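The listed protein sequences derive, respectively, from chains L and Z.
Residue 23 in UniProt numbering is what sits at position 23 of the first sequence, and the numbering runs on without skipping anything.
Residue 71 in UniProt numbering is what sits at position 71 of the second sequence, and the numbering runs on without skipping anything.
Backbone N, C-alpha and C fix where the C-beta goes; we use that ideal spot for every residue, glycine too.
Treat the numbers as computed from the prediction; the structure is a model and nothing was measured.
Structure record follows, encoded as structure tokens.
Protein chains: 2
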Amino acid sequence: MSKNLVGNHIRKLRFNHDEMTQQQLADKVGVTRQTIVALEKGNYSPSLELAFRIAHTFNLPLEEIFYYGENTKQ
Amino acid sequence: MSKNLVGNHIRKLRFNHDEMTQQQLADKVGVTRQTIVALEKGNYSPSLELAFRIAHTFNLPLEEIFYYGENTKQ
DNA sequence: ACATAATGTAAATCAAACTATACATTAAGT
DNA sequence: ACTTAATGTATAGTTTGATTTACATTATGT
């Protein structure tokens, strides 16, 4: 329950960037693959710190990856 | 330990916005005053969800309030 | 001098992010 | 047919964000 209000485009971005795998992204940002899986599934929203690291990895502003709103899908 | 790598301008912004008190900001974003205190002190970085709510309250993009880097102060 | 509002600090507890491990499924290569 | 890489799913456990409560300090107003 307690639905997550933060969505993201991580999955899409992985494929736009070199077909990066979940494991590769996990390694780059310093978390486990399970964390990436959970984020892509939308199970929970990341810490701000992790969000910054992911944004940095994709060379994008944080708000182009993560979005906040009632509508889960943007 | 485990120093926090995310800083913010919350305190500055409170005074730029109507001299908003910690309690008022806490109420607006739906947390307790202690959470605001801890954030201003830099004790930890907020959840991404809370970061979005704070940014929304100040009508600013998230990255103008929160920043990531070795240098704690921006 | 007294009251009140805003802030600082601290510690116990709760809730959510994140880890670790494990196993199943699908697709691609040899 | 077999192996390997990538992904899906699940669950118990650890870490850390956030709450709650409580009390101290400083400034302002009366």
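Next item on the list: Quick one: residues in its chain with C-beta nearer than 6 angstroms to the C-beta of L:Ala55, no 5 flanking neighbours on either side, listed in chain order?
Entry: Taking the first sequence and counting its residues from 1, the one referred to as residue 55 of chain L is at position 55. Once the five neighbours on either side are set aside, the close Cβ partners of L:Ala55 are Leu62 and Ile65.
Next item on the list: Please go through the same chain and pick out, in chain order, the residues whose beta-carbon is closer than 6 angstroms to the beta-carbon of Z:Gly69, but skip the five residues on each side of it.
Entry: Counting from one through the second sequence, the residue named residue 69 of chain Z turns up at place 69. Once the five neighbours on either side are set aside, Z:Gly69 has no close Cβ partner at all.
Next item on the list: Pull up the CB-CB distance for L:Val37 and L:Gln22, whole angstroms please, since I reckon it's below 8 angstroms.
Entry: Here residue 37 of chain L refers to the residue found at position 37 when the first sequence is read from its first residue. Here residue 22 of chain L refers to the residue found at position 22 when the first sequence is read from its first residue. So it is a contact: roughly 6 angstroms between Cβ atoms.
Notebook entry, point to check: By Cβ distance, which residues of its chain are closer than 6 angstroms to L:Glu40, with the 5 residues on each side in sequence left out?
Noted result: Walking along the first sequence from the start, residue 40 of chain L turns up at place 40. Ile10 and Arg11.
Notebook entry, point to check: Helix, strand or coil for Z:Val6 per DSSP?
Noted result: Along the second sequence, one-based indexing puts residue 6 of chain Z at 6. In the three-state reduction of the DSSP assignment, Z:Val6 falls in the strand class.
Checklist line | Length-filtered (4 minimum) alpha helix (DSSP H) runs lying within the region 25 to 51 of chain Z | finding: Correct list: 33 to 41.
Next item on the list: Would you decide whether L:Phe58 is buried or exposed? Buried here means 16 or more other CB atoms lie within 10 Å of its CB.
Entry: Translated into positions along the first sequence, residue 58 of chain L becomes position 58. By the 10 Å Cβ count, L:Phe58 comes out buried.
Notebook entry, point to check: Would Z:Leu39 count as contacting chain L if we go by Cβ distances under 7 angstroms?
Noted result: For the purposes of this step, residue 39 of chain Z is identified with residue 39 of the second sequence, where counting begins at 1. No, because no Cβ of chain L sits closer than 7 angstroms to the Cβ of Z:Leu39.
Check: Given Z:Val31, which residues of its chain have a CB within under 7 angstroms of its CB, disregarding the five upstream and five downstream residues?
Finding: For the purposes of this step, residue 31 of chain Z is taken as residue 31 along the second sequence, with counting starting at 1. Exclusion of the five residues before and after Z:Val31 leaves Leu50 as the residues of its chain whose Cβ lies within less than 7 angstroms of its Cβ.
Next item on the list: Return the chain-ordered list of same chain residues with a C-beta closer than 7 angstroms to the C-beta of Z:Tyr44, the five sequence neighbours on each side being excluded.
Entry: What you label residue 44 of chain Z is simply residue 44 of the second sequence in a count that begins at 1. Spatial neighbours of Z:Tyr44 in its own chain (CB-CB distance under 7 angstroms, excluding positions within 5 residues in sequence) are listed in chain order as Asn4 and Ala38.
Margin query: Would L:Leu48 and Z:Leu60 be called neighbours here (beta carbons separated by less than 7 angstroms)?
Written below: Walking along the first sequence from the start, residue 48 of chain L turns up at place 48. Walking along the second sequence from the start, residue 60 of chain Z turns up at place 60. In this structure, Z:Leu60 does not lie closer than 7 angstroms to L:Leu48 by Cβ.
Notebook entry, point to check: Z:Phe66 lies in the beta strand (DSSP E); which residues open and close that run?
Noted result: For the purposes of this step, residue 66 of chain Z is taken as residue 66 along the second sequence, with counting starting at 1. Phe66 to Tyr68 is the extent of the beta strand (DSSP E) around Z:Phe66.
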